[in-house]
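Peer 1: Each protein sequence line maps, in turn, to chains A and B.
According to the numbering used here, the first sequence is numbered sequentially starting from 5.
According to the numbering used here, the second sequence is numbered sequentially starting from 5.
2 protein chains.
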Amino acid sequence: MQVELAGESDGRQRLRAPLAPNVNDKGTAFGGSLVSLMTLAGWCLVSGRLERAGLEAEVYVADSLVHYLAPLRADLEAEAWLEEGDWDSFLAAFRERGKARCRIAACVRLPDGGEATRFSGRFVALAKA
Amino acid sequence: MQVELAGESDGRQRLRAPLAPNVNDKGTAFGGSLVSLMTLAGWCLVSGRLERAGLEAEVYVADSLVHYLAPLRADLEAEAWLEEGDWDSFLAAFRERGKARCRIAACVRLPDGGEATRFSGRFVALAKA
Chain A
5 MQVELAGESD
15 GRQRLRAPLA
25 PNVNDKGTAF
35 GGSLVSLMTL
45 AGWCLVSGRL
55 ERAGLEAEVY
65 VADSLVHYLA
75 PLRADLEAEA
85 WLEEGDWDSF
95 LAAFRERGKA
105 RCRIAACVRL
115 PDGGEATRFS
125 GRFVALAKA
Chain B
5 MQVELAGESD
15 GRQRLRAPLA
25 PNVNDKGTAF
35 GGSLVSLMTL
45 AGWCLVSGRL
55 ERAGLEAEVY
65 VADSLVHYLA
75 PLRADLEAEA
85 WLEEGDWDSF
95 LAAFRERGKA
105 RCRIAACVRL
115 PDGGEATRFS
125 GRFVALAKA
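(1) With a threshold of 9 Å between beta-carbons, can Leu79 of chain B be considered close to chain A, or not?
(2) What residue does the alpha helix (DSSP H) around Ala45 of chain B start on, and which one ends it?
(3) Going along chain B, which residues have a C-beta under 8 Å from Asp67 of chain A?
(4) For Pro115 of chain A, which option in A:Ala82, A:Val27 and A:Glu88 has the closest C-alpha, if you only look at C-alpha atoms?
(5) Counting only beta-carbon atoms, is Val50 of chain A nearer than 9 Å to chain B?
(6) Could you have a look at Arg99 of chain B and say whether DSSP puts it in helix, strand or coil?
(7) Report yes if the C-beta distance between Gly46 of chain B and Gly125 of chain B is below 9 Å; otherwise report no.
(8) Any beta carbon from chain B within less than 9 Å of Glu12 of chain A's own beta carbon?
(9) Taking Cβ-Cβ distances shorter than 9 Å, what residues in chain A pair up with Leu54 of chain B?
(10) Can you pull the DSSP bridge partners for Gln17 of chain B?
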């Protein structure tokens, strides 16, 4: 996939991957690569928040819903953000119970700014044993 | 990913991939690889049905819902099957309108036969222009 981090700003984690190694039989971005990139962007966002709070956690994806909206004929860039609630509550729950859940949204955009794919997934953080 | 076809029987398309190139940071199967394998198994199932019926189509995944149920520490084998309706109706719709939709279920099993991940996705077949 050749994924690379593309920075975080405004609470949004960005990840990039080039199109060439991620194409399907139609010369557009492969659905599996799109899901992988959005899932990873969400995972990095949640893991980063925990790490910066000084908390050691294993982060898992529990479920995900993906809509494929339009074919993408360009490099892949996913961005992920917190879909519901706020990070303070998430971190407080983790500190209290050693476990916390959150829902992350993500998308991959088309060159014109529209959406190629849209993701919503639940992540679970568990304190390291 | 190193995906390979693992046969079709009882209406179920199977695909395999080794664990080693598909692990996450926890040494278990990477979520993105699991989704990709299940999505591809569904895509192969639908494409194969159309091809055997002598129909030329582009097959797309429109959406997918995935539940991650248990970590997998073994090679990945996905199986996909028609979740709703029947193939005769799907093929008849495609012949009539040059377009048809179907819902495909898929899973990746644990070595003990339980499910590691479960997938449900909608696929669309379009007649080649």
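For each residue, glycine too, the CB sits at the ideal point set by N, CA and C.
Peer 2: Based on what the coordinates show:
(1) Locating residue 79 of chain B in the second sequence gives position 75, counting from the first residue. The sequence shown places Asp at residue 79 of chain B, rather than the Leu named in the question. No, its Cβ sits nowhere closer than 9 Å to a Cβ of chain A.
(2) Looking up residue 45 of chain B in the second sequence gives position 41. Note, Ala45 of chain B: alpha helix (DSSP H), Gly35 to Arg56.
(3) Locating residue 67 of chain A in the first sequence gives position 63, where the first residue counts as 1. Going along chain B in sequence order, the residues near Asp67 of chain A (Cβ under 8 Å) are Leu69, Val70, His71 and Tyr72.
(4) For the purposes of this step, residue 115 of chain A is taken as the residue at position 111 of the first sequence. Ranking A:Ala82, A:Val27 and A:Glu88 by Cα distance to Pro115 of chain A puts A:Ala82 first.
(5) The residue labelled residue 50 of chain A in the question sits at position 46 within the first sequence. Answer no: the Cβ-Cβ gap between Val50 of chain A and chain B never drops below 9 Å.
(6) Taking the first residue of the second sequence as 1, we reach residue 99 of chain B at position 95. Residue state, collapsed to three classes: helix.
(7) Taking the second sequence and counting its residues from 1, the one referred to as residue 46 of chain B is at position 42. Taking the second sequence and counting its residues from 1, the one referred to as residue 125 of chain B is at position 121. The answer is yes: Cβ separation under 9 Å.
(8) Here residue 12 of chain A corresponds to residue number 8 of the first sequence, with the count starting at 1. Taking CB atoms only, Glu12 of chain A has no neighbour in chain B less than 9 Å away.
(9) Locating residue 54 of chain B in the second sequence gives position 50, where the first residue counts as 1. At a beta-carbon threshold of 9 Å, none of the residues of chain A lie near Leu54 of chain B; the nearest stands roughly 13 Å away.
(10) The residue given as residue 17 of chain B occupies position 13 in the second sequence. Beta-bridge pairing links Gln17 of chain B to B:Glu12 and B:Ala84.
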